[in-house]
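I have placed the structure first, in the form of structure tokens, so that the comments after it can refer back to it.
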Amino acid sequence: MKRLIFVGLICCTSLIRAQDDSKYRPVIHFTPPQYWMNDPNGMIYHEGTYHLFYQHHPYSSVWGPMHWGHATSRDLIKWEHQPIALFPDKNGMIFSGSAVYDKNNTSGLGKNDKGPLVAIFTYHNDSLAKQGSYIFQKQGIAYSNDDGKTWTKYDGNPVLKNPGIKDFRDPKVFWHDASKKWIMTLAVFDRLHFYGSNDLKTWNKLSEFGVGFGVPNVLWECPDLFSMKYMDKTIWVLLSNINPGGPNKGSSTQYFIGEFDGQTFKPFDKEIRWADFGPDEYAGITWSNTGDRKIFTGWMSNWLYAQLVPTETWRSALTIARDLELKYVNGKYYLASMPVKELNAYKEKALPAQNGSWIFKKSALFEANQLPVEDFQIEISNEKGEVVTIGYEKASNNFYIDRIKTGNINFHKEFPQKSLSKRISFAQSINFKLIIDVASIELFADDGLNTMSSIFFPTTPLSKIKVKTATKGNANDYRCFELLSALQ
Ligand code: FRU
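This is the structure in structure tokens:
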């Protein structure tokens, strides 16, 4: 009898767990079909399809032997899961990296006069690491001649050996037209290395960047170098994810603005800029092969507590895909990011306001335009009084997201926090968009100059948005849309 009760209890607990899991699954953000996910990898647009790969442990809800999971989309919002693209092999696990379209078949790995897609990734050999060796990370490539469906590892791997440095990973590659070569940006402990290649198979070191720049004494990971247009100028942006050292603790994406001559990156200044100030955007990089359009996607979690969050059958989501733009503020360039315009197709008609509040089901887009630069506060809550609060404080000139009262917060001591983001814009009015999706919120303020992502875990769903503003509480300044589910 005791045994029966025990078995019954176990069944019940796992049922409750399974229910808990599904109650936190977002409806408009990408999540893995099951178990663990961290960084987005090798994101590439090809022949009308967006291919997303990601760090994946398909057999456990915590980090482990890394695979490249795969999903495809036509619009960056609705995803179709695909078979795993890259499995660990005798060289090691498949860590983060990028993918390019080798249009001119410089690698010779194409077929029938067609250039291949080439993935460039890090091999991480865990047994070497455990033996105390320093050379356990090296770069490998794989190619696809069926538009990203299946991938073959190059038999001449590794293409870049380890020179004796422990952290030597996360290659991000692009074609540099001016110097007619491939450029790889690699994270090497507390800095970046740049390499050049004509064929993606042999790489020569070009230069280093990082000493004296950015947050000191932290690990640099998942870098990305790309150019953007501002008026008639070409400006270079260098992203470098760091762990820890983020503006609101733990992992985060810092970036630099400057110039690149095919050899060396020179920043215009020493300011540390952040692609997202919230606690839950990491490993963010841009999509490949999208022309002048620059699209950014990050992992919506933080290494501080990612492996402890209260979901077990699947773990963590990616940020909404974001269009990047350069803005010039007070003599300096900054990145601005906004949700991709494809999200608009998921907007249902505007929800009516009732006494300054809106009721939504699972996911909502909430917008405000032309607010005066005064304190404002918006509460998103459930009937139990659990609440996430976002707002702006004029005295400190900070935007904020406060998740201290969001229900399930005790799985890590750093989780309950109010995150701050110093306002960058000097504009006379504030506009913002909020994407709320079951267990996450993303704030895009001042046309994306200040962006913040934060996850949370209420015990019952949040469904009410209320504007609480001292000086101005006019609901007509705001618009709220239910978002359609993008789940299959
Ligand atoms: C960043 C990171 C990368 C590494 C991958 C391993 O989150 O640590 O540097 O390639 O995750 O999963």
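Quick note on numbering: my numbering labels position 382 of the sequence shown as 1833, and the sequence is numbered without any gaps. Glycine residues also receive a C-beta, built at the ideal position from the N, C-alpha and C atoms. Quick caveat: nothing in here was measured; it's all calculated off a predicted structure.
*Can you tell me the Cα-Cα spacing of Arg1620 and Gly1548, whole angstroms?*
As a first step, residue 1620 must be located in the sequence shown, where it is residue number 169. As a first step, residue 1548 must be located in the sequence shown, where it is residue number 97. One C-alpha to the other measures close to 8 angstroms.
*Residues that Ile1708 bridges to, as DSSP identifies them*: In the sequence shown, counting from the first residue as 1, residue 1708 sits at position 257. Val1688, per the DSSP bridge assignment.
*On the premise that Lys1684 lies in contact with Glu1865, defined as a C-beta separation below 8 angstroms, what is that separation, rounded to the nearest angstrom?*
Taking the first residue of the sequence shown as 1, we reach residue 1865 at position 414. Taking the first residue of the sequence shown as 1, we reach residue 1684 at position 233. No, Glu1865 and Lys1684 are not in contact; Cβ-Cβ is about 40 angstroms, not under 8 angstroms.
*asked:* Under 8 angstroms, with one C-beta from each stretch per pair, do the stretch 1555-1564 and the stretch 1520-1537 reach the 3-pair mark?
replied: no
*Please list the segments of the beta strand (DSSP E) lying wholly inside the stretch 1629-1702, counting only runs of 3 or more residues, in order along the chain.*
1632-1639, 1642-1648, 1655-1660, 1670-1681 and 1684-1694
*Which whole-angstrom value describes the C-beta separation of Gly1414 and Pro1491, a residue pair presumed to lie in contact below a C-beta threshold of 8 angstroms?*
This structure cannot speak to residue 1414, because the chain is shown only from 1452 to 1939.
*Rank Ile1535, Glu1893, Thr1573 and Asn1556 by C-alpha distance to the C-alpha of Thr1601 and give the top, closest one.*
The sequence position of residue 1601 within the sequence shown is 150, counting from 1. With distances taken between Cα atoms, Thr1601 lies closest to Ile1535.
*Under three-state DSSP, which class holds Ser1578?*
The residue labelled residue 1578 in the question sits at position 127 within the sequence shown. Three-state DSSP puts Ser1578 in a helix.
*Under the DSSP definition of a beta bridge, which residues are partnered with Asp1540?*
Numbered from its first residue, the sequence shown carries residue 1540 at position 89. Its beta-bridge partners are Gly1543.
*Could you tell me whether any non-hydrogen atom of the ligand FRU is closer than 8 angstroms to the CB of Gln1506?*
Here residue 1506 is taken as the residue at index 55 of the sequence shown, counted from 1. Yes, the beta carbon of Gln1506 sits closer than 8 angstroms to at least one heavy atom of the ligand FRU.
*Would you mind listing the alpha helix (DSSP H) stretches within the stretch 1799-1870 that are 4+ residues and don't spill past its ends, in chain order?*
none
*Within 10 angstroms of its Cβ, does Ser1876 collect 16 or more other Cβ (buried), or is it exposed?*
Position 425 of the sequence shown, counted from the first residue, corresponds to residue 1876. By the neighbour-count rule (16 or more Cβ atoms within 10 Å), Ser1876 is buried.
*Between the beta-carbon of Thr1770 and the beta-carbon of Glu1893, is there less than 9 angstroms?*
Taking the sequence shown and counting its residues from 1, the one referred to as residue 1770 is at position 319. Taking the sequence shown and counting its residues from 1, the one referred to as residue 1893 is at position 442. Yes, Cβ-Cβ distance for Thr1770 and Glu1893 is below 9 angstroms.
*Output yes or no for whether 9 angstroms exceeds the beta carbon distance between Thr1741 and Tyr1496.*
As a first step, residue 1741 is located in the sequence shown; it is residue number 290 there, counting from the start. As a first step, residue 1496 is located in the sequence shown; it is residue number 45 there, counting from the start. Yes, they are a contact pair.
*Roughly how many angstroms lie between the CA atoms of Pro1823 and Glu1834, to the nearest whole one?*
Start at 1 with the first residue of the sequence shown, and residue 1823 comes out as number 372. Start at 1 with the first residue of the sequence shown, and residue 1834 comes out as number 383. The straight-line gap from Cα to Cα measures roughly 30 angstroms.
*Just checking my contact of Asp1727 with Gly1735 at CB under 8 angstroms: how many whole Å lie between their CB atoms?*
For the purposes of this step, residue 1727 is taken as residue 276 along the sequence shown, with counting starting at 1. For the purposes of this step, residue 1735 is taken as residue 284 along the sequence shown, with counting starting at 1. Rounded, the Cβ-Cβ distance is 7 angstroms, consistent with contact.
*Determine the burial state of Asn1576: buried for a count of at least 16 other Cβ atoms within 10 Å of its Cβ, exposed for fewer.*
As a first step, residue 1576 is located in the sequence shown; it is residue number 125 there, counting from the start. Asn1576 should be labelled buried.
*Please list, in chain order, all residues of the same chain as Val1610 whose beta carbon is under 6 angstroms from its beta carbon, the five residues on each side excluded.*
Indexing the sequence shown from 1 puts residue 1610 at position 159. Cβ neighbours of Val1610 beyond the five flanking positions: Gln1590, Ile1592 and Lys1652.
_Buried/exposed call for Glu1498, threshold 16 Cβ in 10 Å_ = As a working note, residue 1498 is residue 47 in the sequence shown. Per the 10 Å Cβ criterion, exposed.
*asked:* Using CA atoms only, rank isn't needed, just tell me which of Asp1897, Ile1906, Leu1900 and Phe1883 is closest to Val1889.
replied: As a first step, residue 1889 must be located in the sequence shown, where it is residue number 438. The shortest Cα separation from Val1889 among Asp1897, Ile1906, Leu1900 and Phe1883 belongs to Ile1906.
*Where does Ser1752 land, buried or exposed, given buried means 16+ other C-beta within 10 angstroms?*
Counting from 1 along the sequence shown, the entry for residue 1752 is found at position 301. Buried, since its Cβ has 16 or more Cβ neighbours within 10 Å.
*Could you give the distance in angstroms between the alpha-carbon of Asp1801 and the alpha-carbon of Val1839?*
As a working note, residue 1801 is residue 350 in the sequence shown. As a working note, residue 1839 is residue 388 in the sequence shown. Note on identity: in this sequence residue 1801 is Ala, with Asp being the wrong assignment. Rounded to whole angstroms, Ala1801 to Val1839 spans 22 angstroms at the Cα level.
*Does the Cβ of Tyr1681 have 16 or more other Cβ atoms within 10 Å, making it buried, or fewer, making it exposed?*
As a first step, residue 1681 must be located in the sequence shown, where it is residue number 230. Classification for Tyr1681: exposed.
*State yes or no: is the C-beta of Gly1713 within less than 9 angstroms of the C-beta of Ile1634?*
For the purposes of this step, residue 1713 is taken as residue 262 along the sequence shown, with counting starting at 1. For the purposes of this step, residue 1634 is taken as residue 183 along the sequence shown, with counting starting at 1. Yes, the pair counts as a contact, with Cβ atoms nearer than the cut-off.
_In whole angstroms, give me the CA-to-CA distance for Met1517 and Gly1807._
Here residue 1517 refers to the residue found at position 66 when the sequence shown is read from its first residue. Here residue 1807 refers to the residue found at position 356 when the sequence shown is read from its first residue. Each residue's alpha carbon lies about 47 angstroms from the other.
*Which word fits Asn1848, buried or exposed, when buried means at least 16 other C-beta atoms lie within 10 angstroms of its C-beta?*
Position 397 of the sequence shown, counted from the start, is the residue given in the question as residue 1848. Exposed: under 16 other Cβ atoms inside 10 Å.
*State buried or exposed for Ala1796, treating a residue as buried only when at least 16 other CB atoms are found within 10 Å of its CB.*
The sequence position of residue 1796 within the sequence shown is 345, counting from 1. Exposed is the call here.
*Would you give the residue range spanned by the beta strand (DSSP E) that Asp1774 belongs to?*
Residue mapping note: residue 1774 aligns to position 323 of the sequence shown, counting from 1. Counting along the chain, the beta strand (DSSP E) containing Asp1774 begins and ends at Arg1773 to Val1780.
*For the ligand FRU, any of its heavy atoms closer than 8 angstroms to the Cβ of Asn1692?*
Residue mapping note: residue 1692 aligns to position 241 of the sequence shown, counting from 1. Because some heavy atom of the ligand FRU lies under 8 angstroms away, the Cβ of Asn1692 counts as near it: yes.
*Are the Cβ atoms of Leu1777 and Phe1747 separated by less than 9 angstroms?*
On the sequence shown, residue 1777 is found 326 positions in, with the first residue counted as 1. On the sequence shown, residue 1747 is found 296 positions in, with the first residue counted as 1. No, the pair does not count as a contact, with Cβ atoms beyond the cut-off.
_Suppose the cutoff is 7 angstroms on Cβ atoms and the five residues either side in sequence are ignored; what does the same chain contact list for Trp1514 look like?_
By 1-based counting over the sequence shown, the position of residue 1514 is 63. If we look at Trp1514 and ignore the five residues flanking it on each side, its Cβ neighbours are Trp1487, Asn1489, His1508 and Gln1758.
*Among Ser1872, Tyr1779 and Trp1738, nearest to Ser1524 - alpha-carbon criterion*: In the sequence shown, the residue the question calls residue 1524 occupies position 73. Minimum Cα distance to Ser1524 is reached at Trp1738.
*Who are the Cβ neighbours of His1644 in its own chain at under 7 angstroms, not counting the five residues just before and after it?*
What you label residue 1644 is simply residue 193 of the sequence shown in a count that begins at 1. The residues are Leu1637, Lys1656 and Glu1659.
*asked:* Restricting to Cα atoms, I'd like to know which of Asn1555, Gly1836, Ile1881 and Phe1546 is closest to Thr1857.
replied: Residue 1857 sits at position 406 when you count from the first residue of the sequence shown. Answer by Cα proximity: Gly1836.
*Apart from the five residues just before and just after Gln1485, which ones in its own chain have a Cβ nearer than 8 angstroms to its Cβ?*
Here residue 1485 is taken as the residue at index 34 of the sequence shown, counted from 1. Counting only Cβ-Cβ distances below 8 angstroms, and skipping sequence neighbours, we find Pro1509, Thr1764 and Trp1765.
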